[in-house]
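Going line by line, the protein sequences match chains A and B.
Residue numbers for the first sequence, in numbering that gives the first Met the number 0: 0 to 247.
Residue numbers for the second sequence, in numbering that gives the first Met the number 0: 0 to 247.
For each residue, glycine too, the CB sits at the ideal point set by N, CA and C.
As the structure is a computational prediction, the values presented were derived from the model and not from experiment.
Structure first, commentary second.
2 protein chains.
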Amino acid sequence: MISHKIVPNISVDCVVFGFDFEKLNVLLVKREMVDEKSGKVLILDHTLAGYHIFEDEDLDSAATRILKGLTGLDNIFLEQFGAFGQLDRVSSPKDKMWLDYINQGFADRVVTVGYLALIDNTKVTLTLKDRDVSWFPVSMITDMEMAFDHKFLFYKALEALQRKVKVEPIAFELLPDYFTLSQLQKLYEALLGTSFDKRNFRKKVAQMHYVIPLKKKQQGVPHKPAQYYLFSREVYEKTRKGRISFII
Amino acid sequence: MISHKIVPNISVDCVVFGFDFEKLNVLLVKREMVDEKSGKVLILDHTLAGYHIFEDEDLDSAATRILKGLTGLDNIFLEQFGAFGQLDRVSSPKDKMWLDYINQGFADRVVTVGYLALIDNTKVTLTLKDRDVSWFPVSMITDMEMAFDHKFLFYKALEALQRKVKVEPIAFELLPDYFTLSQLQKLYEALLGTSFDKRNFRKKVAQMHYVIPLKKKQQGVPHKPAQYYLFSREVYEKTRKGRISFII
Numbered sequence: 000m001i002s003h004k005i006v007p008n009i010s011v012d013c014v015v016f017g018f019d020f021e022k023l024n025v026l027l028v029k030r031e032m033v034d035e036k037s038g039k040v041l042i043l044d045h046t047l048a049g050y051h052i053f054e055d056e057d058l059d060s061a062a063t064r065i066l067k068g069l070t071g072l073d074n075i076f077l078e079q080f081g082a083f084g085q086l087d088r089v090s091s092p093k094d095k096m097w098l099d100y101i102n103q104g105f106a107d108r109v110v111t112v113g114y115l116a117l118i119d120n121t122k123v124t125l126t127l128k129d130r131d132v133s134w135f136p137v138s139m140i141t142d143m144e145m146a147f148d149h150k151f152l153f154y155k156a157l158e159a160l161q162r163k164v165k166v167e168p169i170a171f172e173l174l175p176d177y178f179t180l181s182q183l184q185k186l187y188e189a190l191l192g193t194s195f196d197k198r199n200f201r202k203k204v205a206q207m208h209y210v211i212p213l214k215k216k217q218q219g220v221p222h223k224p225a226q227y228y229l230f231s232r233e234v235y236e237k238t239r240k241g242r243i244s245f246i247i
Numbered sequence: 000m001i002s003h004k005i006v007p008n009i010s011v012d013c014v015v016f017g018f019d020f021e022k023l024n025v026l027l028v029k030r031e032m033v034d035e036k037s038g039k040v041l042i043l044d045h046t047l048a049g050y051h052i053f054e055d056e057d058l059d060s061a062a063t064r065i066l067k068g069l070t071g072l073d074n075i076f077l078e079q080f081g082a083f084g085q086l087d088r089v090s091s092p093k094d095k096m097w098l099d100y101i102n103q104g105f106a107d108r109v110v111t112v113g114y115l116a117l118i119d120n121t122k123v124t125l126t127l128k129d130r131d132v133s134w135f136p137v138s139m140i141t142d143m144e145m146a147f148d149h150k151f152l153f154y155k156a157l158e159a160l161q162r163k164v165k166v167e168p169i170a171f172e173l174l175p176d177y178f179t180l181s182q183l184q185k186l187y188e189a190l191l192g193t194s195f196d197k198r199n200f201r202k203k204v205a206q207m208h209y210v211i212p213l214k215k216k217q218q219g220v221p222h223k224p225a226q227y228y229l230f231s232r233e234v235y236e237k238t239r240k241g242r243i244s245f246i247i
């Protein structure tokens with residue numbers, strides 16, 4: 000393996016969202032250290048999926064590399080949601096102790112670029128072996144202990160996601176290629192923290208020319224099999240053209 | 000004046016938009032150098048309003064400091080539109096020559112955080128004395144020569160602005176406190192590169208509870224004085240609550 004030189008004061012952090020057909024989840028990495036005296040493994044807290052960028056890669060490549068390492072996936076939807084450079088973002092006593100412990104040459108001051116990543120859960124097998132990586136329900140984050148300013152970053156990403164799904168068809172990134180309307184409704188409900196009337200929701204979807212009904216139906220389900228739909232970005236782009244709208 | 004240490008590999012660049020009641024403009028800084036042999040001043044090109052961040056300031060403070068220096072204004076609307084870290088973004092021969100010339104200790108590789116700034120033109124007096132700072136019509140940028148990747152950054156900012164004005168009431172940042180409906184229409188036309196039917200536009204505005212008609216009218220104009228309106232963010236926030244909508 001070629002070793003790359005890191006940039007000591009620039010990192011990327013990915014807030015990876017997944018949907019398990021019931022709730023929205025986020026991918027976190029356990030942060031732990033071995034106590035020198037007792038030899039015991041101490042669990043400090045959890046972090047977002049992030050690392051410093053390498054001298055020879057750009058920001059998007061760094062985010063892609065990190066996500067590939069965690070999930071094995073290449074083509075993950077990625078979008079920046081902000082850059083963060085507060086003076087004290089890596090300087091709490093706990094964070095300083097951990098930075099000393101891992102001793103990888105990170106600077107005392109680090110600017111991080113946050114990426115929102117959306118994953119089709121059904122395609123992911125978590126691959127990182129040497130650290131614990133797992134999904135946590137978004138609703139649990141408020142009570143969790145997190146590294147650095149990662150809880151703050153998480154909520155910034157969630158806000159950005161909730162804002163974006165209202166104006167761009169990115170929610171479909173969280174679904175498999177074929178999905179049912181109940182799955183789509185549950186997804187929007189999980190994303191926006193609300194519930195929709197089934198009939199109104201379906202009326203709304205019927206207006207979305209880019210959500211296309213298929214002849215295919217669910218198989219082997221313990222209820223009446225539902226019809227499958229697919230999302231077409233091409234149809235979205237073509238039907239969107241010329242539409243000039245602005246806020247009311 | 001206290002001298003601050005710069006961070007050699009992190010900068011901010013501000014794409015400052017202004018509206019002169021006719022067209023959208025952007026604030027650019029002339030980049031020049033003195034030729035050693037002839038002593039002549041060579042104009043290289045133009046740059047966005049940017050600089051490296053200081054060790055002791057965060058990203059927003061750096062952007063605020065730079066804009067204060069150029070415009071004298073403190074309370075400018077600022078929002079990030081992306082972080083940019085391409086490997087070759089400051090390494091063209093022209094840029095390298097200029098970096099050697101100014102010799103301020105900038106790194107060979109710089110990640111920049113882009114800020115979109117919206118200014119009420121009527122409040123601005125350009126203040127920077129030692130460099131040429133001026134407004135350029137947005138339509139001129141395509142033919143201009145610009146430093147680094149600043150033309151690319153400019154278009155990224157313009158895209159972000161066009162996307163945002165459709166879903167958030169930020170266009171009002173480009174207008175004075177009191178404005179006429181013709182001015183508002185011209186602004187949206189300039190922003191979106193389109194023209195609206197006057198009657199339809201006014202119908203749309205009538206639905207915006209947060210665009211509030213005043214008793215006040217224009218004075219000393221060579222035509223029938225038009226009524227003034229103001230934008231209320233408070234009314235916007237209050238009337239927006241509870242409205243759940245998503246893309247169709």
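Quiz item: How should residue 26 of chain B be labelled, buried or exposed, when 16 other C-beta atoms within 10 angstroms of its C-beta is the threshold for buried?
Solution: Taking the first residue of the second sequence as 1, we reach residue 26 of chain B at position 27. The residue in question, residue 26 of chain B, is buried, as its Cβ has 16 or more Cβ neighbours within 10 Å.
Exercise. May I ask you to report which of helix, strand or coil DSSP gives residue 229 of chain B?
Key: As a position in the second sequence, residue 229 of chain B is number 230, starting the count at 1. Residue 229 of chain B: strand per DSSP, three-state reduction.
Quiz item: Mind pulling the beta strand (DSSP E) runs of 3 or more residues that sit fully within the region 68-106 of chain B?
Solution: 76-83
Quiz item: What does residue 82 of chain B touch in chain A if you count any residue whose Cβ is under 7 Å from its own?
Solution: On the second sequence, position 83 is the one that residue 82 of chain B refers to. Per Cβ cutoff of 7 Å: 58, 79, 82, 112.
Quiz item: Going by Cα to Cα distance, which pick from A:168, A:226, A:136 is closest to residue 216 of chain A?
Solution: As a first step, residue 216 of chain A must be located in the first sequence, where it is residue number 217. The shortest C-alpha separation from residue 216 of chain A is found at A:226.
Quiz item: Got a sec: which bits of the region 5-26 of chain B sit with their beta carbon under 8 Å from any beta carbon on chain A, in order along the chain?
Solution: 6, 8, 9
Self-check item: Check whether residue 6 of chain B and residue 49 of chain B have beta carbons under 7 Å apart
Solution: Reading the second sequence from its first residue, position 7 is the one you call residue 6 of chain B. Reading the second sequence from its first residue, position 50 is the one you call residue 49 of chain B. No, they are not a contact pair.
Self-check item: CB contact below 7 Å: residue 241 of chain A versus chain B
Solution: Here residue 241 of chain A is taken as the residue at index 242 of the first sequence, counted from 1. Low per-residue confidence applies at residue 241 of chain A: pLDDT is 49, beneath 50, and the placement is therefore not dependable, though the value from the model is reported in the following sentence. No, residue 241 of chain A lies away from the interface with chain B (no Cβ there is under 7 Å from its Cβ).
Self-check item: chain A contacts made by the region 40-69 of chain B, where a contact means CB separation under 8 Å
Solution: 52, 54, 55, 56, 57, 58
Quiz prompt | residue 241 of chain A in three-state terms, based on DSSP | solution = Position 242 of the first sequence holds residue 241 of chain A. Reliability fails at residue 241 of chain A, whose pLDDT of 49 lies under 50, so the model's placement of it is uncertain and the value that follows must be treated cautiously. Correct three-state label for residue 241 of chain A: coil.
Quiz item: What separation, rounded to the nearest whole angstrom, lies between the Cα atoms of residue 241 of chain B and residue 163 of chain B?
Solution: Within the second sequence, residue 241 of chain B is the residue found at index 242, counting from 1. Within the second sequence, residue 163 of chain B is the residue found at index 164, counting from 1. For residue 241 of chain B, the predicted model reports a pLDDT of 49, less than 50, meaning its position is unreliable; a value from the coordinates is still stated below. Each residue's alpha carbon lies about 20 Å from the other.
Quiz item: By how many angstroms is the C-alpha of residue 16 of chain A removed from the C-alpha of residue 119 of chain A?
Solution: Position 120 of the first sequence, counted from the start, is the residue given in the question as residue 119 of chain A. Position 17 of the first sequence, counted from the start, is the residue given in the question as residue 16 of chain A. Approximately 9 Å, taken between the alpha carbons.
Quiz item: CA-CA distance, residue 33 of chain A and residue 41 of chain A?
Solution: Here residue 33 of chain A is taken as the residue at index 34 of the first sequence, counted from 1. Here residue 41 of chain A is taken as the residue at index 42 of the first sequence, counted from 1. Their backbone Cα atoms lie some 6 Å apart in a straight line.
Exercise. Report the neighbours of residue 182 of chain A on chain B: residues whose CB is nearer than 8 Å to its CB, in chain order.
Key: Stepping through the first sequence from its first residue, residue 182 of chain A is reached at position 183. Correct list: empty, because the minimum Cβ distance to chain B is about 16 Å.
Quiz item: Got a sec: is the Cβ-Cβ distance from residue 264 of chain A to anything in chain B below 7 Å?
Solution: Past the edges of chain A, shown from 0 to 247, lies residue 264 of chain A, and the structure says nothing about it.
Quiz item: By DSSP, does residue 30 of chain A sit in helix, in strand, or in coil?
Solution: If you number the first sequence from 1, residue 30 of chain A lands on position 31. Residue 30 of chain A: strand per DSSP, three-state reduction.
Quiz item: First and last residue of the beta strand (DSSP E) that includes residue 51 of chain A?
Solution: Within the first sequence, residue 51 of chain A is the residue found at index 52, counting from 1. Residue 51 of chain A -> beta strand (DSSP E) spans 48-53.
Quiz prompt | Span separating the alpha-carbon of residue 145 of chain B from that of residue 91 of chain A | solution = Translated into positions along the second sequence, residue 145 of chain B becomes position 146. Translated into positions along the first sequence, residue 91 of chain A becomes position 92. Taking the straight line from one Cα to the other gives about 41 Å.
Quiz item: Is the region 101-119 of chain B touching the region 59-78 of chain B in the sense that three or more CB pairs, one from each, lie closer than 8 Å?
Solution: yes
Quiz item: From what residue to what residue does the alpha helix (DSSP H) around residue 214 of chain A run?
Solution: Taking the first residue of the first sequence as 1, we reach residue 214 of chain A at position 215. No alpha helix (DSSP H) contains residue 214 of chain A, which is instead part of the beta strand (DSSP E) from 210-216.
Exercise. Please go through the same chain and pick out, in chain order, the residues whose beta-carbon is closer than 7 Å to the beta-carbon of residue 201 of chain A, but skip the five residues on each side of it.
Key: In the first sequence, counting from the first residue as 1, residue 201 of chain A sits at position 202. Only 180 meet the Cβ criterion.
Quiz item: How about residue 28 of chain A and residue 132 of chain A: do their beta carbons lie closer than 7 Å?
Solution: Taking the first sequence and counting its residues from 1, one reaches residue 28 of chain A at position 29. Taking the first sequence and counting its residues from 1, one reaches residue 132 of chain A at position 133. Going by C-beta atoms, residue 28 of chain A is nearer than 7 Å to residue 132 of chain A.
Exercise. Find out if the Cβ-Cβ distance for the pair residue 195 of chain B, residue 184 of chain B is shorter than 7 Å.
Key: One-based indexing of the second sequence puts residue 195 of chain B at position 196. One-based indexing of the second sequence puts residue 184 of chain B at position 185. A contact, by the Cβ cut-off of 7 Å.
Quiz item: Which value, in whole angstroms, describes the spacing of the CA atoms of residue 101 of chain A and residue 234 of chain B?
Solution: Residue 101 of chain A sits at position 102 when you count from the first residue of the first sequence. Residue 234 of chain B sits at position 235 when you count from the first residue of the second sequence. Each residue's Cα considered, the two are about 51 Å apart.
Quiz item: For the alpha helix (DSSP H) that contains residue 114 of chain A, what are its first and last residues?
Solution: Sequence index remark: in the first sequence, residue 114 of chain A carries index 115 (1-based). Premise fails: residue 114 of chain A lies in the beta strand (DSSP E), 110-118, not in any alpha helix (DSSP H).
Quiz item: Around the Cβ of residue 52 of chain A, are there at least 16 other Cβ atoms within 10 angstroms (buried) or fewer (exposed)?
Solution: Along the first sequence, read from residue 1 onward, the residue named residue 52 of chain A stands at position 53. Buried.
Quiz prompt | Span of the alpha helix (DSSP H), counted from its first residue to its last, around residue 164 of chain A | solution = Residue 164 of chain A sits at position 165 when you count from the first residue of the first sequence. Residues 149-164.
Self-check item: Assigned secondary structure, residue 142 of chain B (DSSP; H/G/I helix, E/B strand, else coil)
Solution: Reading the second sequence from its first residue, position 143 is the one you call residue 142 of chain B. Three-state DSSP puts residue 142 of chain B in a helix.
Quiz prompt | residue 10 of chain B: first and last residue of the uninterrupted beta strand (DSSP E) it sits in | solution = By 1-based counting over the second sequence, the position of residue 10 of chain B is 11. Segment 5-18, the beta strand (DSSP E) holding residue 10 of chain B.
Quiz prompt | For residue 178 of chain B, the residue or residues it bridges with in DSSP | solution = Position 179 of the second sequence, counting from 1, holds the residue named residue 178 of chain B. Looking at the DSSP assignment, residue 178 of chain B forms a beta bridge with B:228.
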